[in-house]
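Peer 1:
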Amino acid sequence: QNEEKWDFVLVSDIHEMGSEKEIKRKKFLDELSKKGFTIKKIEDTKLFYGVRAPQHIFWKYQCLLTNPNSRQRNSSAYQDVPVTTRIRVVHFILQNTVTSDLEKLHDLMKKKVFEAAFPLHKKEEIREILKKKWARWRVLFKEQPIEEIRCYFGEKVALYFAWLGWYTYLLIFAALAGMATMAAGATVFSSSQVSKEICDANNTIMCPLCDQNCSFWVLSDTCTYAKITHVIDNEATVLFAIFMAIWATVFLELWKRERAKVATSWDLYGWDEEEVRTSSFLLSAMEHVPSVAPDPCCPPAQILVLIGIAHALVIYRAVATALFTQSQVSLLSQYADIIAVTTGAVLHYLTIVIMTKVRSHTACLAGFLQKPRTFSQRENNFTVKIFLFQFFTNFSSLIYIAFFLGRISGHPGHYVRIAGHWRLEECHPSGCITDLFIQMAVIMVLKQTISNVMEYLIPLISHQLRKKKKHPKKRSLMLGEEEEAEDPCKRQWLSNYELNEVNVFSLFNEYLEIVIQYSFTTIFVAAFPLAPLLALINNVIEIHLDAIKMMRLRRRMVPRKAKDIGIWLQVLEAIGILAVIGNGLVIAITSDFIPVQVYKYMYSPCTRQNHTSMDCSTGYINNSLSVFHIRDFEPHTKPGLALTEPCCRYRDYRNADDYTYTVQFWHIFAARLAFLILFEHVALCVKLIAAWYIPDVPQKVKNKILTEKHSHLRNGLRWVMPWKCQG
């Protein structure tokens, strides 16, 4: 045999003879030897133990998972069993082999008896195909070799890339719709009556943006801001939000059909994790099934930290707006709102990065990995908890901007203040939706540039440093020790050891990253129609970035079997429902769509006289600004410049005498509520109809399964009939 084949490699430090660690290592290796494992030792700066399972283990494994009549097949298991199955079975046996001290491999690794245990990236044909057709930047726009991915990394990884590819393909349609929405806004914004009125409002004096030394300002100064707002906030946005609600449903329903095809072609419909797990336990010769561990839970302190961070970002925005407005630098004072929003978004991105690192190092993960039940059950529980944590980390600031900014700040003469000092922010007269647009744009752009660059560079640099640090040094040989430097396995094992570590949740982190991105793409997409386009560009790069990391920078993952993407499908469906609610709230509350419609049909000149040539939104801006008498300012308020006019304007619907809400405010409130109910009911009904109309399993797949069942029954009868005749 030219090349020795090894299933796993165990790595250990060189311990002193007779030391506790050396004794524990020997006991574990002896247990493997008793099970018939072949073990090969290579010594370098570390001790490397190659592990190969005996053939009869895989024959038994096949017998346990197949029908009795299929056991008449050729029992040469080494050739029949796929490499992915070999690695999976050997990994299970290694993890569940118990020494005489009642210690498993996990315990020994915690005690530094062993440093690492991993399957090998081998020089095989399928690996070279993947490196050529998948794990390189030149094939960025080519179809993924899903079948080869499955044969090398197992079904779970292959399903992830199949799902990611499908999601990326359907993002093309969402991206086109988003660009069409922005184009529609860009072509009509210059002629928008609302933005035109703001640009022409040279005599409309607005109340100061802060309490001390802030000047009164003219509404027309924000002409550019108003035009940008109406690129986003227009009638096309409503249609786009409904389209995205339907798109999210169609995407999931079509994925279910695609998954059904894949599961059938990979013969996964009859696969049962519980049965496989029981078979693996029997192979490990374990007498007892491990007891079920209580679900780990993330400490309440983390939730409190998230709430604290959300409050801190609100405080920052309020303080930054006040300080920038009072700045002597004209650029800062002129664009105080935009700078405060943008820097707040950057800070929010930094908190996302920090809290993600905190989450990955928390004891919650360590507690999860200690006492297993079935892997899928543990992963599902863990997925829901960590997703909720990451969701609130990413969306806390967006929720505040979308639904609370400018609505809890009070009004001139009676502002709500933080610690009795800093006023909360107010919305621009043309609405708050641009703030939400900027926040989402900054976070998505930073996440898809800096985060992706770091995601590639950190493993690359780490790999280079490990190679430099772990370069083998030639040791002087002890008496009786054989020269092993020329062993053909040595270089292969060392090169695999120098790669970055992987764990059972390496794939989980990839899923989490894309699902959070999917949340950005759907939940507040009405405020940021370019989100699908950014997601599309990111995913095209992400697919090959993940491929390069898995093939060239990380050790080989232990292949795992799966027939779907697991709990992530339920998470995506929940996000789809949240998207309907979120976009409905954005249009009803954040956008100025409803106030403009109420004005057109109840308060505009069009309601009093028939002017076919008049734009019915004429006069909207003046109507939406309330009057405040300067004499009613709070005593400590000191505007920067005195005003000859007796009053200033602010965005709200209040009476000029007692500052109570006007009747129009309650009309708008009722219209917002009615629109929200109508939008959500229509969108959810369309989602349900789409889900009903598109069956989860294609008829072809159903026919194929039925044919296979019929064939199995006929084969079974061939075994039963001769026996009955003999009886």
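Take the sequence shown: its position 280, counted from the start at 1, is 280 in UniProt numbering, and no numbers get skipped.
The beta-carbon is built from N, C-alpha and C at its ideal position, and this holds for glycine as well.
Nothing here was measured: the structure is a model prediction, and the numbers come from that model.
Contact check, residue 46 vs residue 13 under 8 Å by CB: the rounded distance?
Peer 2: Reading the sequence shown from its first residue, position 46 is the one you call residue 46. Reading the sequence shown from its first residue, position 13 is the one you call residue 13. Right, their Cβ atoms sit about 6 Å apart.
Peer 1: Would you report the Cα separation of residue 709 and residue 490, rounded to the nearest angstrom?
Peer 2: Taking the sequence shown and counting its residues from 1, the one referred to as residue 709 is at position 709. Taking the sequence shown and counting its residues from 1, the one referred to as residue 490 is at position 490. So the alpha carbons of these two residues sit roughly 49 Å apart.
Peer 1: Give the range of the beta strand (DSSP E) segment to which residue 41 is assigned.
Peer 2: Taking the sequence shown and counting its residues from 1, the one referred to as residue 41 is at position 41. Note, residue 41: beta strand (DSSP E), 38-43.
Peer 1: By the three-class DSSP mapping on this structure, what secondary structure does residue 118 have?
Peer 2: The count along the sequence shown starts at 1 and reaches residue 118 at position 118. Residue 118: strand per DSSP, three-state reduction.
Peer 1: Rounding to the nearest angstrom, what Cα-Cα distance links residue 505 and residue 91 in this structure?
Peer 2: Position 505 of the sequence shown, counting from 1, holds the residue named residue 505. Position 91 of the sequence shown, counting from 1, holds the residue named residue 91. Taking the straight line joining both Cα atoms gives about 16 Å.
Peer 1: Taking the alpha carbon of residue 31 as the reference point, which residue from 20, 96, 63 has its own alpha carbon closest?
Peer 2: Numbered from its first residue, the sequence shown carries residue 31 at position 31. Among 20, 96, 63, the Cα nearest to that of residue 31 belongs to 96.
Peer 1: For residue 636, is the classification buried or exposed, using 16 other Cβ atoms within 10 angstroms of its Cβ as the cut-off for buried?
Peer 2: The count along the sequence shown starts at 1 and reaches residue 636 at position 636. Exposed, since its Cβ has fewer than 16 Cβ neighbours within 10 Å.
Peer 1: What do you get for residue 688, buried or exposed, if any count of 16 or more other CB atoms within 10 angstroms of its CB means buried?
Peer 2: Taking the sequence shown and counting its residues from 1, one reaches residue 688 at position 688. Exposed: under 16 other Cβ atoms inside 10 Å.
Peer 1: Suppose you measure from the CA of residue 732 to the CA of residue 237; what does that come to, to the nearest Å?
Peer 2: The structure shown does not extend to residue 732, since the chain spans only 1 to 727, so no value can be given for it.
Peer 1: Rounded to the nearest angstrom, what separates residue 142 and residue 397 at their Cα positions?
Peer 2: In the sequence shown, counting from the first residue as 1, residue 142 sits at position 142. In the sequence shown, counting from the first residue as 1, residue 397 sits at position 397. Approximately 38 Å, taken between the alpha carbons.
Peer 1: Give the straight-line distance between the Cα atoms of residue 263 and residue 160, rounded to the nearest whole angstrom.
Peer 2: What you label residue 263 is simply residue 263 of the sequence shown in a count that begins at 1. What you label residue 160 is simply residue 160 of the sequence shown in a count that begins at 1. Their backbone Cα atoms lie some 13 Å apart in a straight line.
Peer 1: Thinking just about the alpha-carbon of each residue, which of 616, 619, 647 is nearest to the one in residue 631?
Peer 2: Here residue 631 refers to the residue found at position 631 when the sequence shown is read from its first residue. When each option's Cα is compared against that of residue 631, the closest is 647.
Peer 1: How would you call residue 663, buried or exposed, if buried means at least 16 neighbouring beta carbons within 10 angstroms?
Peer 2: Numbered from 1 along the sequence shown, position 663 holds the residue referred to as residue 663. Exposed.
Peer 1: Enumerated in chain order, which unbroken segments of the beta strand (DSSP E) with a length of 3 residues or greater are wholly contained in the stretch 662-691?
Peer 2: DSSP assignment within the stretch 662-691 yields no whole beta strand (DSSP E) run of 3 residues or more.
Peer 1: If contacts are defined as beta-carbon pairs under 8 Å, then residue 322 and residue 407 qualify, I think. What distance do you get, rounded to the angstrom?
Peer 2: To locate residue 322, count along the sequence shown from 1; it is residue 322. To locate residue 407, count along the sequence shown from 1; it is residue 407. Rounded, the Cβ-Cβ distance is 19 Å, inconsistent with contact.
Peer 1: I need the boundaries of the alpha helix (DSSP H) containing residue 462, first residue and last residue.
Peer 2: Indexing the sequence shown from 1 puts residue 462 at position 462. Run containing residue 462: 433-469, per the alpha helix (DSSP H) assignment.
Peer 1: Under DSSP, the alpha helix (DSSP H) around residue 223 begins and ends at which residues?
Peer 2: Here the question's residue 223 lines up with position 223 in the sequence shown. Taken as a continuous stretch (DSSP letters only), the alpha helix (DSSP H) holding residue 223 covers 223-232.
Peer 1: Using a Cβ-Cβ cutoff of less than 8 Å, which residues in the same chain neighbour residue 585 once the five nearest sequence positions on both sides are dropped?
Peer 2: Your numbering for residue 585 matches position 585 in the sequence shown. Cβ within range, chain order: 402, 403, 676.
Peer 1: Go ahead and pull the three-state DSSP assignment for residue 427.
Peer 2: Translated into positions along the sequence shown, residue 427 becomes position 427. Coil, per DSSP.
Peer 1: Is it the case that the Cβ atoms of residue 170 and residue 251 are separated by a distance below 9 Å?
Peer 2: By one-based count along the sequence shown, residue 170 stands at place 170. By one-based count along the sequence shown, residue 251 stands at place 251. Yes, the pair counts as a contact, with Cβ atoms nearer than the cut-off.
Peer 1: Do you know how far the Cα of residue 256 is from the Cα of residue 626?
Peer 2: For the purposes of this step, residue 626 is identified with residue 626 of the sequence shown, where counting begins at 1. For the purposes of this step, residue 256 is identified with residue 256 of the sequence shown, where counting begins at 1. Straight-line measurement puts the Cα of residue 256 at about 53 Å from the Cα of residue 626.
Peer 1: Can you give the Cα-Cα distance for residue 552 and residue 84, rounded to whole angstroms?
Peer 2: Position 552 of the sequence shown, counted from the start, is the residue given in the question as residue 552. Position 84 of the sequence shown, counted from the start, is the residue given in the question as residue 84. If I take the Cα positions, the gap works out to 18 Å.
Peer 1: Between residue 656 and residue 447, what straight-line distance do the alpha-carbon atoms span, to the nearest angstrom?
Peer 2: Stepping through the sequence shown from its first residue, residue 656 is reached at position 656. Stepping through the sequence shown from its first residue, residue 447 is reached at position 447. C-alpha separation (whole angstroms): 46 Å.
Peer 1: Measuring CB to CB, does residue 86 end up less than 9 Å from residue 266?
Peer 2: Along the sequence shown, read from residue 1 onward, the residue named residue 86 stands at position 86. Along the sequence shown, read from residue 1 onward, the residue named residue 266 stands at position 266. In this structure, the beta-carbon distance from residue 86 to residue 266 does not fall below 9 Å.
Peer 1: Assess contact between the stretch 341-360 and the stretch 229-248, defined as three or more Cβ pairs (one per stretch) separated by less than 8 Å. Is contact present?
Peer 2: no
Peer 1: How do the stretch 495-505 and the stretch 539-554 stand: do at least 3 beta-carbon pairs fall below 8 Å, yes or no?
Peer 2: Proximity of the stretch 495-505 to the stretch 539-554 meets the contact definition, three or more beta-carbon pairs being nearer than 8 Å.
Peer 1: How should residue 311 be labelled, buried or exposed, when 16 other C-beta atoms within 10 angstroms of its C-beta is the threshold for buried?
Peer 2: Your numbering for residue 311 matches position 311 in the sequence shown. By the 10 Å Cβ count, residue 311 comes out exposed.
Peer 1: Three or more C-beta pairs closer than 8 Å, one from the stretch 438-445 and one from the stretch 520-540: is that the case here?
Peer 2: yes
Peer 1: Please report the straight-line C-alpha distance between residue 82 and residue 123, rounded to a whole angstrom.
Peer 2: Taking the sequence shown and counting its residues from 1, one reaches residue 82 at position 82. Taking the sequence shown and counting its residues from 1, one reaches residue 123 at position 123. Approximately 16 Å, taken between the alpha carbons.
Peer 1: Count Cβ pairs between the stretch 102-111 and the stretch 19-29 that sit closer than 8 Å; are there 3 or more?
Peer 2: In the pairwise beta carbon analysis, the stretch 102-111 is classified as touching the stretch 19-29: at least three pairs are separated by under 8 Å.
Peer 1: Have a look at 316, 681, 116 and flag the residue whose alpha-carbon is nearest the alpha-carbon of residue 50.
Peer 2: Within the sequence shown, numbered from 1, the residue matching residue 50 stands at position 50. For residue 50, the nearest C-alpha among the options comes from 116.
Peer 1: Just verifying my parser: in three-state terms, what is the DSSP assignment at residue 366?
Peer 2: Stepping through the sequence shown from its first residue, residue 366 is reached at position 366. Here residue 366 scores only 45 on pLDDT, less than 50, and its place in the model is too uncertain to base an answer on.
Peer 1: Over the uninterrupted alpha helix (DSSP H) stretch that includes residue 153, give me the two end residues.
Peer 2: For the purposes of this step, residue 153 is identified with residue 153 of the sequence shown, where counting begins at 1. Residues 146-153.
Peer 1: Ignoring anything shorter than 4 residues, give me the alpha helix (DSSP H) runs that lie fully in the stretch 479-528, in order along the chain.
Peer 2: 488-497, 506-522
Peer 1: Does residue 618 pass the burial test, meaning 16 or more other C-beta atoms within 10 Å, or should it be called exposed?
Peer 2: By 1-based counting over the sequence shown, the position of residue 618 is 618. Counting Cβ neighbours within 10 Å, residue 618 comes out buried, since at least 16 surround it.
Peer 1: Taking the alpha-carbon positions, what's the residue 560 to residue 507 distance?
Peer 2: Numbered from 1 along the sequence shown, position 560 holds the residue referred to as residue 560. Numbered from 1 along the sequence shown, position 507 holds the residue referred to as residue 507. Those two C-alpha atoms are separated by around 11 Å.
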